[in-house]
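Sequences listed follow chains A and B, in order.
Counting in the numbering used here, the first sequence runs from 912 upward without gaps.
Counting in the numbering used here, the second sequence runs from 912 upward without gaps.
The beta-carbon is built from N, C-alpha and C at its ideal position, and this holds for glycine as well.
Protein chains: 2
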Amino acid sequence: MAALDAIGSHGLAGVAVEPLAAALGATKGSFYWHFANRDALVTAALARWDRVYTEEILAQVDAEPDPARRLRLLFVSVTATSLAPVETNLHAAADHPLVRPAVRRAVKRRTAYLGDLFEALGFSPEEATRRALFAYSAYLGHLQLTVRLPAALPPDHDAREAYLDTILGALLSP
Amino acid sequence: MAALDAIGSHGLAGVAVEPLAAALGATKGSFYWHFANRDALVTAALARWDRVYTEEILAQVDAEPDPARRLRLLFVSVTATSLAPVETNLHAAADHPLVRPAVRRAVKRRTAYLGDLFEALGFSPEEATRRALFAYSAYLGHLQLTVRLPAALPPDHDAREAYLDTILGALLSP
DNA sequence: CCGCTTCCATACGGCACCGTATGGTTACCA
DNA sequence: TGGTAACCATACGGTGCCGTATGGAAGCGG
Chain A
912 MAALDAIGSH
922 GLAGVAVEPL
932 AAALGATKGS
942 FYWHFANRDA
952 LVTAALARWD
962 RVYTEEILAQ
972 VDAEPDPARR
982 LRLLFVSVTA
992 TSLAPVETNL
1002 HAAADHPLVR
1012 PAVRRAVKRR
1022 TAYLGDLFEA
1032 LGFSPEEATR
1042 RALFAYSAYL
1052 GHLQLTVRLP
1062 AALPPDHDAR
1072 EAYLDTILGA
1082 LLSP
Chain B
912 MAALDAIGSH
922 GLAGVAVEPL
932 AAALGATKGS
942 FYWHFANRDA
952 LVTAALARWD
962 RVYTEEILAQ
972 VDAEPDPARR
982 LRLLFVSVTA
992 TSLAPVETNL
1002 HAAADHPLVR
1012 PAVRRAVKRR
1022 TAYLGDLFEA
1032 LGFSPEEATR
1042 RALFAYSAYL
1052 GHLQLTVRLP
1062 AALPPDHDAR
1072 EAYLDTILGA
1082 LLSP
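See below:
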C-alpha cells in the first residue's frame, strides 16, 4: 500500500491524491474510480496498519514462551527502524477524526498486551498497568527520536545493547 | 506570541499567515509589514519556545538542591498539560528545516541536564547518559499520549501519583 | 458487429494559502 | 504646513490540492 509509505515519509498530509497518483504513474481519474475520496484511502491505510503493525508483530512476539525474553524480543522487534516513521507519524496525527480511533485501538491493544506481560513477570495488576504505560511511553518517545533526531540515540551496536539493558533493568526492577 | 499557540492547537501547519491575521483582527498586509514571510514568523516562535519551554523551566527546577526531589519536580513541572501540545507538535515537526535545529538544540540541552542529574544521583557518566535518554523518551511519549489520547493515562490524581512513583522508582533503581 | 462494463485520462471549478503591489491613514517633525 | 516614515487594508496572481464531469480505450457476451 503506497499510502502507508506516504504516511511514513511525509506524514498524514503526504497522503495526497494528486502526488500519489503521479508517483504511481497514474492519474487522478484512475484513483477516483478505485476510491470514493481521500478519506477512503486513509481508512484503507489505517486498516492495513492495524494488521501489519500491531497484530502481526504481537503474534510473532508471542511465540516466545519466557516472559522476560518476550519483553526483550518485543522491544527489539518494535524498535526496528523500518517501522518507526509510520508509527511516529500516525501517533502524531491522532487528532485527525479518522486516525484517532485507529490509534486508540492500537494503544489499548498494545498496552493491554504489555500489562499481561508484566503480570506474567510477577507484578500486581495495578503495578503491571503502570509499567505497561511507562514502557509504551518510552517506546513512543524512542521512536520519535529515531525518526526526528537519530543522532540523539546511542551510536553503535554495543551502546544500543547497553541502553536496552538499562531500560529492561529499570522496567523489571522490583 | 500567537504563533506558538497556533503550533499548540494546530501544529506547525497551523502557523498560517491568513488565518492568524484574521484571528488577531488584522490583515495580511499588516503581517507582511512586520515579518518578511511565514518562515520569519516560525523562526521567531521557535526562539520564544527555546526561552520559555527550556531555559525558564530548567532554571526554575534548578532551584531545588536535592537531586532526587529535583528529578521529581522536573517531571511534575514538565508534564503540566499546558505545555504538552506545543512540545508534542514541535517534536513532531522536527523534520522541517527550520524546526530541526531548534528541537535538536532543546533535546541536547535537556538530556544533558538530565544526565548531570543522574550523575548527581550516583550513576556513572555512561549509565547516567543512558538513563537520561530513557527518561527523555518516556517524557516525550507521555506528552504525546497526554495530547492525543488522554484517556490512556491514569484517570485521577491518586493514580497519577502512583504512576509517578513507579516511574521514578524504575528510573532510580540501581 | 453492438452494446455494456471496466478502467483510465483530460479538463474544469473550487478552496486555502503564500507573497506582492498599491493606495490610504496616522503622526511626527522640519 | 508640507513632507516623510510607520503602519494597515484591499486587490491581485500564483500554487497545490480536492473532487467532478466527460470522453475515450479495451475486453467480452449477445
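| request: For B/Ile1078, decide whether its Cβ has a neighbour in chain A, counting only Cβ atoms nearer than 7 Å. | output: It does: the Cβ of B/Ile1078 has a partner Cβ on chain A nearer than 7 Å.
| said: Let me see if you follow: with CB-CB separation under 7 Å, is A/Gly1026 close to chain B or not? | reply: It does not; no Cβ of chain B falls within 7 Å.
| Who are the neighbours of B/Glu1038 on chain A, taking C-beta pairs under 7 Å? | Simply Thr1077.
| query | With 7 Å set as the bound, which would you pick, yes or no: does the beta-carbon of B/His1053 sit closer than that to a beta-carbon of chain A? | reply | Chain A, which has a Cβ nearer than 7 Å to the Cβ of B/His1053, makes this yes.
| With 16 other CB atoms within 10 Å as the buried threshold, where does B/Trp944 fall? | Flag for B/Trp944 reads exposed.
| Rounded C-alpha distance that separates B/Leu1056 from B/Leu984 | Rounded to whole angstroms, the gap between the alpha carbons of B/Leu1056 and B/Leu984 is 20 Å.
| What are the boundary residues of the alpha helix (DSSP H) that includes B/Tyr1050? | Here the alpha helix (DSSP H) through B/Tyr1050 covers Pro1036 to Arg1059.
| Three or more C-beta pairs closer than 8 Å, one from the region 947–959 of chain A and one from the region 913–929 of chain A: is that the case here? | With the cut-off at 8 Å, the region 947–959 of chain A and the region 913–929 of chain A touch.
| For A/Ala970 and A/Leu1032, believed in contact at Cβ under 8 Å, the rounded distance | Not confirmed; about 20 Å, so no contact.
| message | Contact defined as beta carbons within less than 8 Å: I believe B/Trp960 pairs with B/Ala917. What is the distance between those atoms, to the nearest angstrom? | response | Their Cβ separation, rounded to whole angstroms, is 12 Å, which puts B/Trp960 and B/Ala917 out of contact at 8 Å.
| said: Could you check whether B/Thr965 and B/Ala1017 sit closer than 7 Å to each other, using their CB atoms as the reference points? | reply: In this structure, the beta-carbon distance from B/Ala1017 to B/Thr965 falls below 7 Å.
| Limits of the alpha helix (DSSP H) - the one that A/Thr999 falls within | Residues Ala995 to Ala1003.
| Distance, B/Gly936 Cα to A/Lys1019 Cα | Straight-line Cα distance between these residues: approximately 43 Å.
| request: Starting from A/Phe1045, find everything on chain B with Cβ-Cβ shorter than 8 Å and list it in chain order. | output: Near A/Phe1045 (Cβ distances below 8 Å), the residues of chain B are Ala1049, Tyr1074, Thr1077, Ile1078 and Ala1081.
| task | Can you tell me which of A/Pro1085, A/His921 and A/Asp1067 puts its alpha carbon nearest to the alpha carbon of A/Val997? | result | Per the C-alpha coordinates, the member of A/Pro1085, A/His921 and A/Asp1067 positioned closest to A/Val997 is A/His921.
| message | Once DSSP output is grouped into helix, strand and coil, what is the label at A/Ala937? | response | Judged by DSSP in its simplified three-state form, A/Ala937 adopts coil rather than helix or strand.
| message | Between which residues of its own chain and B/Ala995 is the CB-CB distance below 6 Å, once the five residues before and five after are set aside? | response | Sequence-distant partners of B/Ala995 (beyond 5 residues in either direction) whose C-beta falls short of 6 Å from its own C-beta, in its chain, are Leu1054, Thr1057 and Val1058.
| Meets three-Cβ-pair contact criterion under 8 Å: the region 1041–1049 of chain B and the region 1063–1074 of chain A | Cβ pair count under 8 Å is three or more, so yes.
| request: Grab me the residues of A/His1002's own chain with a C-beta within less than 7 Å of its C-beta, minus the 5 sequence neighbours each way, in chain order. | output: Short of 7 Å from the beta carbon of A/His1002, and not among the five residues preceding or following it, lie these beta carbons of its own chain, in chain order: Val1014 and Leu1051.
| request: Express the C-alpha separation of A/Asp977 and A/Glu1037 in angstroms, rounding to a whole number. | output: One Cα belongs to A/Glu1037, the other to A/Asp977, and the distance between them is close to 21 Å.
| query | Does the beta carbon of B/His1002 come closer than 7 Å to any beta carbon on chain A? | reply | Yes - at least one Cβ of chain A is within 7 Å of the one on B/His1002.
| task | Quick one: measure Cβ to Cβ for A/Thr1022 and B/Ala1063, integer angstroms, because I've assumed they're closer than 8 Å. | result | A Cβ-Cβ distance of about 7 Å is found for the pair A/Thr1022 and B/Ala1063, placing them in contact under the 8 Å criterion.
| Interface partners of B/Asp1006 on chain A, CB under 7 Å | Ordered by position in chain A, the residues that pass the 7 Å Cβ test against B/Asp1006 are Arg1059.
| message | Rounded to the nearest angstrom, what separates B/Leu923 and B/Ala1004 at their Cα positions? | response | Their backbone Cα atoms lie some 7 Å apart in a straight line.
| request: Tell whether a beta-carbon distance below 7 Å holds between A/Ala914 and A/Ala958. | output: Not closer than 7 Å, so no.
| request: Run down chain B in chain order and give the residues with a C-beta less than 8 Å from the C-beta of A/Val953. | output: Going along chain B, no residue has its Cβ under 8 Å from A/Val953, so there is no contact; the nearest lies around 16 Å.
| Roughly how many whole angstroms lie between the Cα atoms of A/Lys939 and A/Ala932? | The C-alpha of A/Ala932 is placed about 6 Å away from the C-alpha of A/Lys939.
| For chain B, is any of its Cβ atoms less than 7 Å away from the one on A/Leu1041? | According to the sequence as given, residue 1041 of chain A is Arg; it is not Leu. Cβ-Cβ to chain B under 7 Å: yes for A/Arg1041.
| request: Inspect the beta-carbon positions of B/Ser988 and B/Val972 and report whether they are closer than 7 Å. | output: Yes. Within cutoff.
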